[in-house]
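Enquirer:
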Amino acid sequence: MRQLVSFALALALVAPSFAVGEEAKSGLECGQGIAPFYVTKVAGAEDDGVACDANLCYRCKNGSRPQVMVFTRSTDAKVVALVQKLEEQLQKHEESQLRAFVNMLGDSKDAASDSVKKLASAAKAKHVPFVVPNEFENGPEDYGISPKAEITVIVANEAKVVANHSAASAKDLDVDSIIKDIEKMLN
Numbered sequence: 030m031r032q033l034v035s036f037a038l039a040l041a042l043v044a045p046s047f048a049v050g051e052e053a054k055s056g057l058e059c060g061q062g063i064a065p066f067y068v069t070k071v072a073g074a075e076d077d078g079v080a081c082d083a084n085l086c087y088r089c090k091n092g093s094r095p096q097v098m099v100f101t102r103s104t105d106a107k108v109v110a111l112v113q114k115l116e117e118q119l120q121k122h123e124e125s126q127l128r129a130f131v132n133m134l135g136d137s138k139d140a141a142s143d144s145v146k147k148l149a150s151a152a153k154a155k156h157v158p159f160v161v162p163n164e165f166e167n168g169p170e171d172y173g174i175s176p177k178a179e180i181t182v183i184v185a186n187e188a189k190v191v192a193n194h195s196a197a198s199a200k201d202l203d204v205d206s207i208i209k210d211i212e213k214m215l216n
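When you number the sequence shown by this note's numbering, it's gap-free, plus one each residue, and the end is 216.
Quick look at the structure:
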């Protein structure tokens with residue numbers, strides 16, 4: 030009996046660690062269309078013709094161009110690294126008109142706005158807009174962003190999803206895999 034209790038206790042302590050590293054199912058699936066949704070621009074992309082505090086649909090502004098939409102609740106170093114890699118991709122694929130924008134999610138619009146300013150400052154990206162969606166808690170309802178996912182990245186072209194990456198913890202995000210999907214989409 031003591032061994033059974035010990036085993037059960039050990040299993041209870043170890044089991045939660047399996048869930049931490051798993052990819053969280055979140056966001057639109059490959060082949061689905063990307064619907065319009067409105068955001069408020071908070072920082073970044075000073076030369077994109079959109080003033081800070083403007084409310085607009087960046088998905089619409091980007092049209093059917095290839096684009097990367099990041100939905101995050103985190104300002105973790107892994108998210109900063111992702112944004113910096115996206116900045117490199119935007120410059121590398123300028124002729125393909127690749128676009129990207131980062132949506133900060135949060136419990137309140139003010140908290141999300143403060144977090145996205147922090148992220149923009151840390152990433153130092155010049156061409157990536159940092160925004161807060163009007164539906165700030167979990168992003169646009171029809172995008173299916175899971176409240177359990179700390180980060181969801183949707184790669185789209187011709188207004189359809191070509192790749193989706195998400196993670197329960199931003200620390201577990203596979204940035205290289207996202208970049209490979211962008212490269213694959215554009216080649």
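Beta carbons: idealized from backbone N, C-alpha and C, even for Gly.
Rounded to whole angstroms, what is the Cα-Cα separation between Gln126 and Arg88?
Expert: Those two C-alpha atoms are separated by around 13 Å.
Enquirer: Since I believe Ala74 is in contact with Val157 (beta carbons under 8 Å), could you give me their beta-carbon distance rounded to a whole number of angstroms?
Expert: The pair is a contact, with the Cβ atoms about 6 Å apart (cut-off 8 Å).
Enquirer: Residues in the same chain with beta-carbon distance under 7 Å from Ala110, minus the five sequence neighbours each way, listed in chain order, please.
Expert: Excluding sequence neighbours, Ala110 sits near Val204.
Enquirer: In angstroms with no decimal places, state the Cα-to-Cα distance between Asn23 and Phe66.
Expert: Outside the displayed range of the chain (30 to 216) lies residue 23, so it cannot be described from this structure.
Enquirer: With H, G and I counted as helix, E and B as strand and the rest as coil, what does DSSP make of Arg183?
Expert: Checking the displayed sequence, the identity of residue 183 turns out to be Ile instead of Arg. Strand, per DSSP.
Enquirer: Measure the C-alpha to C-alpha separation of Gln113 and Ser206 and round it to an integer number of angstroms.
Expert: Whole-angstrom Cα-Cα distance: 15 Å.
Enquirer: For His194, which residues of its own chain have a beta-carbon under 6 Å away from its beta-carbon, when the five flanking residues on both sides are left out?
Expert: Hits under 6 Å: Val182 and Ile207.
Enquirer: Using the beta-carbon count (16 or more within 10 Å), is Gln96 buried or exposed?
Expert: Classification of Gln96: buried, given that the 10 Å Cβ count is 16 or more.
Enquirer: With 16 other CB atoms within 10 Å as the buried threshold, where does Gln120 fall?
Expert: So Gln120 counts as exposed.
Enquirer: Please give me, in chain order, every unbroken run of the alpha helix (DSSP H) with length at least 4 that falls completely inside the segment 87–130.
Expert: Segments of the alpha helix (DSSP H) lying fully in the segment 87–130: 87–91 and 106–121.
Enquirer: Where does Leu202 sit, in a helix, a strand or coil, going by DSSP?
Expert: In the structure shown, Leu202 sits in coil (DSSP, three-state: anything other than H, G, I, E or B).
Enquirer: Helix, strand or coil for Phe134? Go by DSSP, reduced to three states.
Expert: The sequence given here places Leu at residue 134; Phe does not occur at that position. Correct three-state label for Leu134: coil.
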